[in-house]
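The block underneath contains the structure these notes are about, expressed in structure tokens.
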Amino acid sequence: MEELKQAEMVRKQLVEEESVRMEEENRRAALQAQRETEFAEGRRERARLHLKELERRHERQNAEATRFAEIEDEQRRTALLTTRAQATLDMQRSVAGEEERVLEWRETIATQGMQKRAAI
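Under UniProt numbering, think of the first position of the sequence shown as 1, with each following residue one higher.
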């Protein structure tokens, strides 16, 4: 009977030790799971922040590309206006040159007419 009591006490002690060991193992597993969860949340947060930064960079690049396109358009318009202005100026010079030749021709004719009258 004494052996049965002693065996029962040993069994209870082993059950208690196993229970303590299981509780400690569960506690360690819970801590490990918590660390892994915090690590994953940290990675998600860093990824979210990185994505926001990429979006801001993309917006800045789009704004810059738009500004460059606007500058290029303005330069094209300026070049076109400059070309048109130069063509207009060239045409005005040509017309002025023609008018000058017509005046010279008229003067020549008038001079010749006066010389003929004077000769008569």
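Note that the Cβ used here is the ideal one computed from N, Cα and C, for glycine as well.
### Through-space distance from residue 116 to residue 98, alpha-carbon basis
27 Å
#### Entry: Coil, strand or helix - residue 22 by DSSP
helix
### Query
Is residue 9 helix, strand or coil by DSSP?
helix
### Query
Alpha carbon to alpha carbon, what distance is there between residue 51 and residue 39?
18 Å
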